[in-house]
Amino acid sequence: QKEVEQNSGPLSVPEGAIASLNCTYSDRGSQSFFWYRQYSGKSPELIMFIYSNGDKEDGRFTAQLNKASQYVSLLIRDSQPSDSATYLCAAGSGNTGKLIFGQGTTLQVKP
Amino acid sequence: GAVVSQHPSWVICKSGTSVKIECRSLDFQATTMFWYRQFPKQSLMLMATSNEGSKATYEQGVEKDKFLINHASLTLSTLTVTSAHPEDSSFYICSPLDAYTQYFGPGTRLTVL
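Read top to bottom, the protein sequences are chains A and B.
According to our numbering, the stretch in the first sequence is residues 254 to 364, in order.
According to our numbering, the stretch in the second sequence is residues 2 to 114, in order.
This is the structure in structure tokens:
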């Protein structure tokens, strides 16, 4: 059973701090990894994707991938209350485009 | 990012009726479309995968005769919930595939009375 695991949280950080969201996956064959943000009552929106080991930065967001440890993380710098949402980690399964989603981590950024 | 529309955004219907949900990729062509369902406070559940011009592949436990999927063009896919019942009330989200990235439609909230 291919799985993606996330701590459901909630993860609470003060405004301006760095939020660190973590995810592990079981399928060593996964080659692509995605982070989506989902506000309550809304559909997920893509934040970042990462395919290679190491870091990938986009504005306040940095995705990190370690294939040896089967670990993906998302760092949010200078967290804002508007970042409060559920963050979904997903791993690509095979070459069909199909994704395996984690349960999501709820982030609360307190002013 | 890619632009995806879904219609209607919400619908309330009586038990036993059928509801059709449309999903359009507005600025790209999607060979593959995924349909998800999400119950409150739960994660996304993949219902089916469809490829343009082919029959959809349904996930285990999803009734193909109840959830009819049509993917007749590269920019339009429809999900029809037939003979809807209250337990079908959920948030339905389409997700067309652009290259190897899934983008999500805004979702359709279905309430069956």
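Note that the Cβ used here is the ideal one computed from N, Cα and C, for glycine as well.
Cutoff 6 angstroms; reference residue i; Cβ partners in own chain excluding five residues on either side
i                      : result
residue 260 of chain A : 358
residue 278 of chain A : 257, 323, 344
residue 361 of chain A : 263, 265, 337
residue 87 of chain B  : 113
residue 309 of chain A : 303, 316
Contacts around residue i, its chain only, beta-carbon distance under 8 angstroms, and the 5 residues preceding and following it disregarded
i                      : result
residue 109 of chain B : 7, 8, 9, 10, 11, 12, 22, 92, 93, 94
residue 297 of chain A : 289, 290, 291, 341
residue 90 of chain B  : 111, 112, 113
C-alpha distance - residue i paired with residue j, whole-angstrom precision
i                      : j                      : result
residue 74 of chain B  : residue 44 of chain B  : 29 angstroms
residue 284 of chain A : residue 96 of chain B  : 20 angstroms
residue 49 of chain B  : residue 65 of chain B  : 9 angstroms
residue 68 of chain B  : residue 347 of chain A : 25 angstroms
residue 272 of chain A : residue 325 of chain A : 14 angstroms
residue 82 of chain B  : residue 19 of chain B  : 5 angstroms
residue 28 of chain B  : residue 3 of chain B   : 6 angstroms
residue 355 of chain A : residue 329 of chain A : 18 angstroms
residue 79 of chain B  : residue 71 of chain B  : 5 angstroms
Residue i: contacting residues in chain A (beta-carbon distance under 9 angstroms)
i                      : result
residue 102 of chain B : 285, 287, 299, 302, 350
Same chain, Cβ closer than 7 angstroms to residue i, five either side skipped, listed in chain order
i                      : result
residue 331 of chain A : 269, 313
residue 304 of chain A : 284, 285
Chain A contact residues for residue i, given Cβ-Cβ distances below 8 angstroms
i                      : result
residue 107 of chain B : 295, 296
residue 45 of chain B  : 297, 341, 354
Where residue i meets chain A, residues with beta-carbon distance less than 7 angstroms
i                     : result
residue 33 of chain B : 350
Under 7 angstroms from the C-beta of residue i: neighbouring residues of chain B
i                      : result
residue 357 of chain A : 44
Beta-carbon neighbours of residue i, restricted to chain B and to distances below 8 angstroms
i                      : result
residue 345 of chain A : 101
Residues, ordered as in the chain, of the region 78-104 of chain B that lie near chain A by beta-carbon distance below 7 angstroms: For the region 78-104 of chain B, which is checked against every Cβ of chain A, the residues closer than 7 angstroms are 94, 98, 101, 102, 103, 104.
Those runs of the beta strand (DSSP E) which lie wholly inside the region 304-362 of chain A and span at least 3 residues: The qualifying runs are 307-311, 314-319, 324-329, 338-345, 352-354.
Positions along the region 49-62 of chain B whose CB lies within less than 7 angstroms of some CB in chain A: Hits within the stretch, in order: 50.
Residue ranges of each beta strand (DSSP E) within the region 61-114 of chain B, 3 or longer: Segments of the beta strand (DSSP E) lying fully in the region 61-114 of chain B: 68-74, 77-82, 91-99, 109-113.
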